[in-house]
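A.B. asks:
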Amino acid sequence: MHFISSAQGPVVVLIHGLFGDLDNLKALGKVLESQYQVLRIDVPNHGKSEHGVAMDYPSLAKKVIDLLDEQGIDSVHLVGHSMGGKIAMAMALDFPTRINSIVIADIAPVAYASSNTKHVLETILSVPLSQIKDRREAQAYLMKHGVDGHTALFLLKSLVRQNQHFAWKMDIAQLRQSYNDIIDWPYQQKKYTGPSLCIRGEQSDYVKKEYTNDIVRQFPTIQAKTILDAGHWLHAQKPTFFNRLVKDFIDKQSL
């Protein structure tokens with residue numbers, strides 16, 4: 001698993017969401033580096049990590065734990081956005097003694113119905129990469145096929161030029177194959193009683209009121225914060241507020 005480690009101190013692992021890479025939470029990492037060692041990881045099938053890997057949350061949690069073992073790291077604070085938040089929650093439920101605290105950004109421990117994300121995935125697959133001349137053409141194609149502007153710009157961060165053509169840094173075919181596991185949630189009975197925080201975007205529908213019982217049942221000590229005028233990409237839309245919430249929470253657990 002590809003990762004970047006920086007600074008020294010108690011370890012914080014930052015886990016990006018679907019279609020992202022380790023740079024998504026780079027700004028948060030810079031804020032945390034004053035007091036913590038920060039590990040930013042590329043989730044399998046993303047960035048420079050191994051492609052062609054089946055994805056489900058128990059196996060993804062184990063892969064991150066294996067990385068910590070390889071680095072000789074006993075315990076960590078976790079911060080995960082969206083799919084990365086589900087990976088963080090799975091780690092906390094399966095390996096609670098290794099987790100000092102978790103911050104979950106705009107996701108809940110529930111199985112989601114197939115949603116707009118599936119449409120985005122299919123649209124990415126349909127982009128005629130051999131014909132695209134520049135990123136503006138790729139952006140126009142995505143938006144023409146129903147991908148909103150903010151999401152299109154986010155996706156373009158994973159579009160790279162290889163030789164004569166563009167290519168995705170993500171294994172899109174494997175993501176489609178694993179999609180049902182990515183939106184699923186296989187945990188019901190386990191609990192994590194350590195410090196936990198859920199930060200949601202006011203304009204997002206990923207953390208709904210009806211999910212409260214599911215969240216509290218599995219994370220009974222959880223705190224909740226809402227960032228006003230922010231959607232699902234809250235860490236990019238309101239970075240100063242988001243980063244401060246995360247750091248203040250982790251600081252309190254490190255006293």
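The sequence shown maps to residues 1 to 255 in the UniProt record's numbering.
No residue lacks a Cβ here, since even glycine has one placed at the ideal position from N, Cα and C.
1. Helix or strand or just coil, what does DSSP make of T117?
2. Closest to Y187 by CA distance: which of W168, I199 and I215 is it?
3. To the nearest whole angstrom, what separates the beta carbons of G194 and S101, a pair I think is in contact under 8 Å?
4. With 16 as the cutoff for other CB atoms within 10 Å, does Q131 come out buried or exposed?
5. Along the chain, where does the alpha helix (DSSP H) containing H150 start, and where does it finish?
6. Sort D42, H2 and Q35 by Cα distance to H16 and report the nearest one.
7. Would V103 and L32 qualify as a contact pair, given that the criterion is a beta-carbon distance under 8 Å?
8. CA-CA distance, P44 and S82?
9. So, with DSSP's three-state summary, where would you put H77?
10. Our contact map puts I199 next to A88 with C-beta atoms below 8 Å; I'd like the distance itself, whole angstroms only.
11. Beta-carbon separation of Q174 and H2 under 8 Å?
12. Whole-angstrom Cβ separation of P239 and A27, contact assumed at under 8 Å?
C.D. replies: According to the structure shown:
1. In the structure shown, T117 sits in a helix (DSSP, three-state: H, G or I).
2. When each option's Cα is compared against that of Y187, the closest is I215.
3. Confirmed, Cβ separation roughly 6 Å.
4. So Q131 ends up on the exposed side.
5. DSSP places H150 inside the alpha helix (DSSP H), whose first and last residues are G149 to L156.
6. For H16, the closest alpha carbon among the candidates D42, H2 and Q35 is that of D42.
7. Contact flag unset, no.
8. Answer to the nearest angstrom: the Cα atoms are 15 Å apart.
9. H77 falls in the strand class under three-state DSSP.
10. At roughly 12 Å, the Cβ-Cβ gap does not stay under 8 Å, so I199 and A88 are not in contact.
11. Contact: no.
12. Their Cβ separation, rounded to whole angstroms, is 5 Å, which keeps P239 and A27 in contact under 8 Å.
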